[in-house]
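Okay, structure first, notes after.
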Amino acid sequence: MILIVDDIKANIIALKKTLELHDIEVDTAESGEEALKK
1 MILIVDDIKA NIIALKKTLE LHDIEVDTAE SGEEALKK
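For the sequence shown, full-length UniProt numbering gives the first residue as 1, with consecutive numbering after it.
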């Protein structure tokens, strides 16, 4: 699993779609604080 952390939603969406095309499990967070809770 890869955790994508970025405050720009478009970046998260683009990277998530790309990784999922390669069957990579992805989780996302929009801040460092949110990422640390995961």
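Glycine included, each C-beta is placed from N, C-alpha and C at the ideal position.
So, under 8 Å CB-CB, residue i and residue j are touching, yes? Tell me the CB distance rounded to an integer number of Å.
i     : j     : result
Lys38 : Leu15 : Wrong, their Cβ atoms sit about 16 Å apart, outside the cutoff.
Which residue marks the beginning of the beta strand (DSSP E) containing residue i, and which one marks its end?
i     : result
Ile12 : Unbroken run through Ile12 is the alpha helix (DSSP H), Lys9 to Leu21; no beta strand (DSSP E).
Ile4  : Ile2 to Val5
Residue j and residue i - do their beta-carbons sit closer together than 8 Å?
i     : j     : result
Glu33 : Met1  : no
Ile8  : Thr28 : no
Taking the continuous alpha helix (DSSP H) assigned at residue i, which residues delimit it?
i     : result
Glu34 : Gly32 to Lys37
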